[in-house]
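I have placed the structure first, in the form of structure tokens, so that the comments after it can refer back to it.
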Amino acid sequence: MPHTSSSFKPLAEHQRVYDLIWSQMPHMQKPTSSSWWFFILLPKEKEGYGPRQLMFSISTRAGKQIRINDAWLPGLDLNRPIENGVDRFSGMANGWYCDGRQVYEKFVWNTAITTLSAPDGCIGCWTEQLHGDPIGCEFYRSPHRPLTLAARIHGQKGSAHFEAWGDLDCVHNSPHESVNIDTPLGGTHFVAWRRMHFRGEFDLPTGKETLEGLGYFQRVCLNVPTFPWKWIWALFPDGSMFSAYVPYVGLNLLRRGYRFFESDRKEQTAVSILPAGFWDWAGPSEQILFDTARITPTLGHNGDHPHFSVEVSNKQGDFVAFRAAPYGHANLYLERQVLGGWLRTHWNYNEFMFRMEELRGQVNGRAISKETMGQAFGSLEYTWGLGL
């Protein structure tokens, strides 16, 4: 159960932010808007949280016709009716499972009319089948306990039913309205729950299991063109958390598909825009903020994927540095036809499951290394292109 007695904010404030999950803020949406809801789950295992990982998402974007991966579908209509808090639109459910070595993409994969209901506290994207159960995904308000999310997934490569909740004792263990920007030119609205407990039943390509661990949930309303960024999130065995976010512009603004330049110099030609990061100890601790952050891809490693050099620091002398060594990759891209179909914009999302290597640092005077913290695993997003 959520530890509501130690809540660091009034329960009414937690409830207010929790309720925002069931809206994509239609009054803020623009012709370039996109919305998505997602879970990343890291089961508790021998070395810590990982190396196994799961991701489930529901996504949409504005436009007359859009493409999400290989599927064309109607885009989000900004003039759609929303009646009694019920919002219906075309969307996609997508998910993958990584067993620590192999990634099973399209664990669930379908497009359908998606229903987002504020009164019911639910978003669902389901496709009926002629024979068998519907294919799809839904996230909903748990009927069993307050301020808890539940999910039900039935896909082509398995199924899952789990609940996720936070301790509510610090900002990252609670639903957090992390960004709220609304201007005539565009803006963003994020609800992030960066560290949640989860437990549930999973029918995986590797067998049926009861899994529990820690996860991340986010509802994103991006009301500007989808732009390139690098984002990293990692968990240590005690539940301590590291994250950094680096928006950027570079040569790969125009890159399409999953490929890389022929040299590190070209791959790294980029200008970061307002990079930031944080460290959060396990439990109800205060986060340590970093105002300098770099996530640098390096090519030429064994395997199909680049590695990433990660470095963050602040003026107080805290710093963390490591190499994110991927062992799995999943891809999703968004496209939209513009100028009467003459041009197709492309934004490419790549998610790498990684093991943290060569860790060193100092936070609050405490030495940070694999010896002091144990083995960390995480997820790293490296996106490129521009979704106009």
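Quick note on my numbering: the sequence shown kicks off at 79 and runs consecutively.
A virtual CB, placed ideally from N, CA and C, is assigned to each residue, including glycine.
- Under DSSP, D260 takes part in a beta bridge, and its partners are G265.
- Judged by beta-carbon spacing, G291 lies within the 7 Å limit of L120, meaning their Cβ atoms are closer than that value.
- By the Cβ-count criterion, K122 is buried, with 16 or more other Cβ atoms from all chains shown falling within 10 Å of its own Cβ.
- Excluding its 5 nearest sequence neighbours in each direction, S447 has C-beta neighbours in its own chain below 7 Å: L437, R438, listed in chain order.
- The beta carbon of E206 lies closer than 7 Å to those of P212 in the same chain, with the five residues before and after it left out.
- Between N172 and L410 a beta carbon distance of about 6 Å is seen, short of the 8 Å cut, so the two are scored as contacting.
- The residue among E241, R158, T193, L313 with its C-alpha nearest the C-alpha of F455 is L313.
- Assignment of V95 by DSSP, reduced to helix, strand and coil, places it in the helix class.
- The stretch 417–437 and the stretch 329–340 touch, with no fewer than 3 CB-CB distances between them shorter than 8 Å.
- The residue from H383, Q394, L367, R219 with its alpha-carbon nearest to that of D358 is L367.
- A contact is defined here as three or more CB-CB pairs under 8 Å, and the stretch 297–309 meets this definition with respect to the stretch 102–119.
- Judged by DSSP secondary structure, M170 falls within the beta strand (DSSP E) whose first and last residues are 164–176.
- The three-state reading of DSSP puts A403 in strand, counting E and B together.
- In the DSSP assignment, M106 falls outside any beta strand (DSSP E) and carries neither an H nor an E.
- Distance between N147 and T138, taken at the CA atoms: about 12 Å.
- Assigned with DSSP and collapsed to three states, L352 falls in coil, not helix or strand.
- Judged by beta-carbon spacing, G199 lies within the 7 Å limit of R219, meaning their Cβ atoms are closer than that value.
- Where T423 is concerned, the enclosing beta strand (DSSP E) starts and stops at 421–441.
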